[in-house]
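Position in the sequence shown (from 1) plus 24 gives the number in our numbering.
Shown next, in structure tokens, is the structure this report addresses.
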Amino acid sequence: MRETEVVEEFRGLDWAGPFDAAIRARAGDALESGKVLLFPDLPFRLLPGEEGFLSPALADQSRKNISFDPITGKVNACTLSGPEEQRLGAMLDRFGRQARSLLVGLMPGYARGLERARTSYRPIEIDHRPTSPRHDDRRLHVDAFPTRPMRGRRILRVFSNIAPDGTVRQWEVGENFPDFAEKFFPRLQRPWPGAAWALERLGLTKGRRSPYDFLMLGLHDRGKLDESYQRAAPRVKLGFPPGATWIVYTDQVLHAALAGRFALEQTFHLPNESMLHPERTPLRVLERLSGRALV
Ligand code: SIN
Ligand code: FE
25 MRETEVVEEF RGLDWAGPFD AAIRARAGDA LESGKVLLFP DLPFRLLPGE
75 EGFLSPALAD QSRKNISFDP ITGKVNACTL SGPEEQRLGA MLDRFGRQAR
125 SLLVGLMPGY ARGLERARTS YRPIEIDHRP TSPRHDDRRL HVDAFPTRPM
175 RGRRILRVFS NIAPDGTVRQ WEVGENFPDF AEKFFPRLQR PWPGAAWALE
225 RLGLTKGRRS PYDFLMLGLH DRGKLDESYQ RAAPRVKLGF PPGATWIVYT
275 DQVLHAALAG RFALEQTFHL PNESMLHPER TPLRVLERLS GRALV
């Protein structure tokens, strides 16, 4: 695989736009075809006094990410408190708002359906985090979360590397979603009857899992746990240096984060109807493989 198959690069842009029609068309098409949109020279700028937040000591020992909930305005899993914690929250909120402005500038059709979820701050070196294979994001995977049913909605993420010391965030990106899904689909187990209802009743999921969610979790787990796939699957190595920003549908793009620290990330959810090309989504790919509706 070659880098140009998985990355679409944009130079000289800012967070706010406006962007001309040729750039918007290139961005929307590349993003929805499962490419990473890369902005090598679009840094998230810290305000004076925020440099102090560039420390791994900010992260709670037990968790890998600090998160900010834009609805409640609360910062989670952080060792700061009081006004310092609030200032960190303001920084994360600013990142989320810039990320939204970039997305809406590039894909104006997303504005209506775009839902801002959590912002995360990942100050800790990936390499040093002990994890089980299922939780190991150094293995190629598509994102799917056990507690959060998406019911066909998309997971779109904006990342920025804010490392002060030149540390590059290293990723791998794998084959396209249809090829990946086709390989693993025959091996996915069907949930037992009543599973979605029971998980919801027991409080193990926020809302009810759809057949789509079971399949996506199956792809996530089967893919990560398949040692020979992890060893031999086609992939491209990508390095995101400090000052780079990148946008990716992590439910569609097979990705692995191998190394790096001090990244910001903003998650958005989008309904399938907001897509420029709804037929390319994981939902439609899995529905074609299943021969039935999945939500
Ligand atoms: C992931 O979504 O697998 C992790 C991405 C990152 O932290 O760079
Ligand atoms: Fe991931």
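Even glycine gets a Cβ: it sits at the ideal position worked out from N, Cα and C.
Check this for me: beta carbons of Leu278 and Val182, under 8 angstroms apart or not?
no
Measure the C-alpha to C-alpha separation of Tyr273 and Pro217 and round it to an integer number of angstroms.
Distance between the alpha carbons of Tyr273 and Pro217: 30 angstroms.
Evaluate contact between the segment 167-182 and the segment 240-257, counting only Cβ atoms and requiring at least three cross-stretch pairs below 8 angstroms.
Below 8 angstroms, enough C-beta pairs join the segment 167-182 and the segment 240-257 to call them touching: three or more.
Would DSSP call Arg225 helix, strand or coil?
If DSSP states are grouped into helix, strand and coil, Arg225 belongs with the helices.
Phe77 to Ser91, Cα distance in whole Å?
14 angstroms
Rounded to the nearest angstrom, what separates Met115 and Leu62 at their Cα positions?
Distance between the alpha carbons of Met115 and Leu62 is about 22 angstroms.
What residue from Leu262, Val319, Glu303 has the CA that sits closest to Val60's CA?
Leu262
In the DSSP assignment, find the alpha helix (DSSP H) that holds Ser314 and state where it starts and stops.
306-314
Using 10 angstroms around the beta-carbon of Leu228, count the other beta-carbons present and answer buried if the total reaches 16, otherwise exposed.
exposed
Say yes only if the C-beta of Phe292 is nearer than 7 angstroms to one or more non-hydrogen atoms of ligand 1, and no if none qualify.
no
Would you call Arg163 buried or exposed, if buried means 16 or more other Cβ atoms sit within 10 Å of its Cβ?
So Arg163 counts as buried.
First and last residue of the uninterrupted alpha helix (DSSP H) at Ile179:
Unbroken run through Ile179 is the beta strand (DSSP E), 178-185; no alpha helix (DSSP H).
Considering only the beta carbon of each residue, do Leu248 and Pro157 sit closer than 8 angstroms?
Just to set this straight, residue 248 is Lys in the shown sequence, not Leu. Against a cut-off of 8 angstroms, the Cβ pair of Pro157 and Lys248 comes out as a contact.
Pocket of ligand 1 defined by Cβ to heavy atom distance under 5 angstroms
Asp161, Ala281
Outcome for Ser298 when other beta-carbon atoms lying within 10 angstroms are tallied against a minimum of 16
buried
So, are the CB atoms of Pro258 and Glu199 less than 8 angstroms apart?
yes
Strictly by DSSP, which residues pair up with Phe286?
Paired residue(s): none; Phe286 is not in a bridge.
Restricting to Cα atoms, I'd like to know which of Glu75, Leu212, Asp44 is closest to Ser314.
Leu212
Helix, strand or coil: how does DSSP classify Arg163 here?
Coil, per DSSP.
Which residues does DSSP list as the beta-bridge partners of Phe292?
Beta-bridge pairing links Phe292 to Arg140, Leu180.
Using 10 angstroms around the beta-carbon of Thr103, count the other beta-carbons present and answer buried if the total reaches 16, otherwise exposed.
exposed
Leaving out five residues before and five after Arg308 in sequence, what residues of the same chain have Cβ atoms less than 7 angstroms from its Cβ?
Pro302
Along the chain, where does the beta strand (DSSP E) containing Arg93 start, and where does it finish?
It is worth fixing the name first, because residue 93 is Asp in this sequence and not Arg. Here the beta strand (DSSP E) through Asp93 covers 90-93.
May I ask whether a heavy atom of ligand 2 can be found less than 7 angstroms away from the beta carbon of His159?
no
Using beta-carbon positions only, say whether Leu66 and Trp39 come within less than 8 angstroms of one another.
Yes, Cβ-Cβ distance for Leu66 and Trp39 is below 8 angstroms.
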